Amino acid sequence: MVAGPLKSIDTVIHAAWYVNPLDYLTSDENLVCLNGTLTLAQACIASDVSYFAGIGTCFEYQHGDDFLSVDTPLKSQSLYAASKVATFTLLSALFKNTPVQFGWYRLFYLFGTHEKAGRLVPYLQDMFTHNKIAVLNQANLIRDYLDVDCAAEKITESVMATNAGTFNVCSGIGTTIGDLALRIAALHHATHLVQLGEITPSESTPLKIIGVCNLRDKHHDSR
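Residue numbers (full-length UniProt numbering): 1 to 223.
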């Protein structure tokens, strides 16, 4: 229990989780993170923390609909997603009938400052910088991309307002992976280095993952 260091703290934003792009979907570290989150939540209750923000994922949702809202049923397709669903369910039960306000923020496809190597945008930037061909075998897939700074602003404003509930942190706009790659390539004058391929969508790899926003920030209206 880590109650001691939380004394006099009124708000906790818990963003820590195992997210190595190579294996985060299947790693047992997800279970470690789940247990650690529950320990932190219990400490927050014991320390009279007034607001707890947890970070979820769009992978929690059952995919198939063109747009995913917070009312979309949950259906995980990986250990990562299942761990997030379990965390959300357990935290909801844990904070029920306590004074702690609980916000759960489901992230869609973020990119931007300090992004870990191995993810899509850093991969593209690295290939174009070194004049190498970027091969994209899933260019037809449509995803909801949002700059991480905008995502942080949306979450921060909601936390400061002590909003309780479940929230989609997204742009509400679908962009194909191919179009995103070509836009980044254009910034490097490297559209000739983009090699696009297509994949047949499946239950685990749906054609569209686009969020219905229920958050706003001072620069963007909710979509």
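For glycine and all other residues, C-beta sits at the position ideal for the given N, C-alpha and C. Owing to the predicted nature of the structure, the values given are computational and were not obtained by experimental measurement.
Item, Value
"Do Gly36 and Leu91 have their C-beta atoms closer together than 8 angstroms?", "no"
"Using a Cβ-Cβ distance under 8 angstroms, would Leu31 count as near chain B?", "Among the chains of the structure shown, chain B does not appear; only one protein chain is present."
"Quick one: is the Cβ of Ala181 within less than 7 angstroms of any heavy atom of the ligand NAP?", "Ligands in the displayed structure: none, and consequently the ligand NAP is not present."
"Consult DSSP for Phe128 and reduce its assignment to one of helix, strand or coil.", "helix"
"Which same chain residues, not among the five before or five after Asn30, have their C-beta less than 7 angstroms away from its C-beta?", "Tyr18, Leu79, Tyr80 and Ser83"
"Nearest to Thr166 by alpha carbon, out of Asp48, Cys33, Glu60 and Leu182?", "Glu60"
"The beta strand (DSSP E) that contains Ala181, what's its start and end?", "No beta strand (DSSP E) holds Ala181; the alpha helix (DSSP H) holding it covers Ile177 to Leu187."
"State buried or exposed for Ile184, treating a residue as buried only when at least 16 other CB atoms are found within 10 Å of its CB.", "buried"
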